[in-house]
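Accompanying notes for the structure given below.
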Amino acid sequence: MWKFSIRRILIMIPQIILLSILIFMMAKMMPGDALSGLIDPNIDPATIEERREALGLNDPWHIQYADWVGGAITGDLGQSFRFKMDVTDIVGQRIVNTFWLSLATLIFTYLIAIPLGITSGRYNDSWLDQSITGYTYLGFATPLFIFALVMLWIFGFHFGWFPTSGSVSPGLEPGTVDYVISKIYHLILPALSLALITTVNTVQYLRSEIIDTKQKDFIITARSKGASESRVYNSHILRNSLLPIAAFFGFEITGLIGGTIFVEQIFGYPGMGQLFLESIMIRDYTVVTAVVLLFGIASILGALLSDIILSLVDPRIRIK
1 MWKFSIRRIL
11 IMIPQIILLS
21 ILIFMMAKMM
31 PGDALSGLID
41 PNIDPATIEE
51 RREALGLNDP
61 WHIQYADWVG
71 GAITGDLGQS
81 FRFKMDVTDI
91 VGQRIVNTFW
101 LSLATLIFTY
111 LIAIPLGITS
121 GRYNDSWLDQ
131 SITGYTYLGF
141 ATPLFIFALV
151 MLWIFGFHFG
161 WFPTSGSVSP
171 GLEPGTVDYV
181 ISKIYHLILP
191 ALSLALITTV
201 NTVQYLRSEI
211 IDTKQKDFII
221 TARSKGASES
231 RVYNSHILRN
241 SLLPIAAFFG
251 FEITGLIGGT
261 IFVEQIFGYP
271 GMGQLFLESI
281 MIRDYTVVTA
291 VVLLFGIASI
301 LGALLSDIIL
311 SLVDPRIRIK
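The following block contains the structure:
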């Protein structure tokens, strides 16, 4: 187990290096550079050239890449021309909101998916199973941004049950009970909107696992020995069907990254996704490269977590 984990971590290192190179090269190919938004383009060209030289923008790409990576390792991701502050500070403010949104979405996802998947798999081909399967088909066919807009209009604007923007009500002091309640209240609708769409994969997978497990030889043997139906399901079918779901926990985290980008923008939730889209629109490349790098590392770590959990669930499995 330890050898497998160390091997996967060692494989992750060149993946992160390759990811950083691709992000840096794509940023270099975009129009403009880190200086574009910091100064007035109408000033003396000689002054602009002096600033470019001072910032190292005329250096060869590999030297600029080494400086960028060195800064990222030490926590210096550059400065945002929009916010006029360090990117590290901006990301530090936003990443907390995205973390809580992702955590709430995961909780909602499993609270919804596991009961529906178990019910659909146990009573397959019944009207209940057909209803749940219909919900998953509808979820597969519905774009997330359309569903989020509908949820926002119905429960935010029409009924007014939830806030329509922000992560906390203004004027509340951090650390107070009212502040925590307001944070949770602002989380519910965007997290639930994202969970209701992302949960369909888990429901379908769990349903298929249960149906497949019911036909295994050891299940037939358990029934032939006179085991009760509840014991067969609880001790054999569910236990074997739920283990693979745990193994895909890391991939759920990876899938949330794309979802939070749209949801945060639609609900005006100040997280990493909203910061990413806003920075693209105003060409704040320093912020864009930092956010893409963090999202990419999070995806790699999610895949690593899934591989480790999978090896714990079934020691026979070793991903090379």
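The numbers in the UniProt record's numbering rise by one with no breaks, and the one at position 138 of the sequence shown is 138. Ideal Cβ placement from N, Cα and C applies to all residues, glycine included.
- With distances taken between CA atoms, D212 lies nearest to S120 out of S120, S306, M25 and T88.
- Assignment of beta-bridge partners to S80 by DSSP yields M85.
- DSSP places F267 outside any alpha helix (DSSP H), giving it a letter other than H or E.
- By the CB criterion at 8 angstroms, T88 and G75 fall inside the cutoff.
- Counting only residues of its own chain and dropping the five nearest sequence neighbours on each side, R94 has a CB closer than 8 angstroms to the CB of P270, G271, M272, Q274 and L275.
- Going by C-alpha positions, A72 is about 39 angstroms away from G139.
- The stretch 216-223 makes no contact with the stretch 191-199: fewer than 3 CB pairs, one atom from each, lie closer than 8 angstroms.
- Residue nearest to V91 within the set S299, L304, T289 and I309 is T289 (criterion: CA-CA distance).
- For W61, the enclosing alpha helix (DSSP H) has its first and last residue at W61 to I73.
- In the three-state reduction of the DSSP assignment, T260 falls in the helix class.
- Within the same chain, Q79 come within 8 angstroms of M85 by CB-CB distance, once the 5 residues on both sides are set aside.
- Beyond the five residues adjoining it in sequence on each side, H186 comes within less than 7 angstroms, by CB distance, of P163, G166, S167 and V168 in the same chain, given in chain order.
- Annotation: G226 to R122 spans about 19 angstroms, alpha carbon to alpha carbon.
- Take F295, set aside five residues on each side of it, and the residues of its chain with a beta-carbon closer than 7 angstroms to its own are I257, in chain order.
- DSSP places I282 outside both helix and strand once states are collapsed to three, so it counts as coil.
- Going by beta carbons, V180 and T136 fall outside the 8 angstroms limit.
- Counting only runs of at least 4 residues, the stretch 98-186 fully encloses the following alpha helix (DSSP H) elements, listed from N- to C-terminal order: 127-141 and 144-151.
- Comparing C-alpha distances from I112 to each of S230, P170 and L206 shows the shortest one belongs to L206.
- No residue range can be given for I237, since it is assigned to no alpha helix (DSSP H) and is classified by DSSP as neither H nor E.
- Distance from the Cα of Q215 is smallest, within the candidate group N124, L144, L18 and L77, for N124.
- For V232, same chain residues with a beta-carbon under 8 angstroms away, outside a window of 5 residues either side, are I219, A222 and R223 in chain order.
- Shortest Cα-Cα distance from L293 to any of L10, V150, A148 and I17 involves I17.
- In chain order, M12, Q15, I16 and L19 place their CB closer than 8 angstroms to the CB of I300, counting only its own chain and leaving out the 5 sequence neighbours on each side.
- Looking from the CA of S131, the closest CA among V177, L77 and V200 belongs to V200.
- For L277, same chain residues with a beta-carbon under 7 angstroms away, outside a window of 5 residues either side, are I261 and Q265 in chain order.
- By the 16-neighbour rule on beta-carbons within 10 angstroms, M151 is buried.
- With a cutoff of 8 angstroms on beta-carbon distance, T109 and E252 are scored as near each other.
- A Cβ-Cβ distance of about 45 angstroms is found for the pair I21 and I118, leaving them out of contact under the 8 angstroms criterion.
- Taking all protein chains in view, the Cβ of W68 is crowded by 16 or more other Cβ atoms within 10 Å, so the residue is classified as buried.
- Residue K28 holds the alpha-carbon nearest to the alpha-carbon of T286 among P115, K28, A303 and I9.
- Across the structure, Q64 and M25 are spaced so that their CA atoms are roughly 10 angstroms apart.
- Relative to A191, the option among V96, I9 and W100 whose CA is nearest is W100.
- Excluding the 5 residues flanking it on each side, W161 has same chain C-beta neighbours closer than 7 angstroms at F155, in chain order.
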